[in-house]
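*Asks:*
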Amino acid sequence: MLNNIINFANYWWFRYLMVTELYVVEKWERVTIHVIFMILFCVFWYFNYSVLLSLTGNIFGYSPIADSLLPTLPHGAGIKVTS
154 MLNNIINFAN
164 YWWFRYLMVT
174 ELYVVEKWER
184 VTIHVIFMIL
194 FCVFWYFNYS
204 VLLSLTGNIF
214 GYSPIADSLL
224 PTLPHGAGIK
234 VTS
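Each residue of the sequence shown is one higher than the one before, starting from 154 at the first, in the numbering used here.
1) Mapping DSSP to helix, strand and coil, what is Met171?
2) In the DSSP assignment, find the alpha helix (DSSP H) that holds Leu205 and state where it starts and stops.
3) Would you identify the three-state DSSP class for Val196, choosing helix, strand or coil?
4) May I have the straight-line CA-CA distance separating Trp198 from Thr185, to the nearest angstrom?
5) Are the CB atoms of Leu170 and Tyr176 nearer to each other than 8 Å?
As structure tokens, then:
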């Protein structure tokens, strides 16, 4: 069972490398490209979560689930740090 899962993942990893043509670049170039892809994915995720979710919530008149589950604190009611 585990061997089938590993073979399946290896097959799709190989297909990914072939389609994106990353099999022809060196290892450090491949790692750099993957890091850039991950940074772009995180930036897009953050934009969708912070901007588009609140924008659609304001348009359609509902708030995100996290806002309704978490208690809201009044402004400035956090922890005071004095030195």
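All C-beta atoms, glycine included, are put in the ideal place defined by N, C-alpha and C.
*Replies:* Looking at the coordinates:
1) In this structure, Met171 counts as helix in the three-state DSSP scheme.
2) Counting along the chain, Leu205 falls outside any alpha helix (DSSP H), and DSSP gives it neither H nor E.
3) DSSP places Val196 in helix when its eight states are reduced to three.
4) Thr185 has its alpha-carbon roughly 20 Å from the corresponding atom of Trp198.
5) One thing to note: Leu170 has its Cβ within 8 Å of the Cβ of Tyr176.
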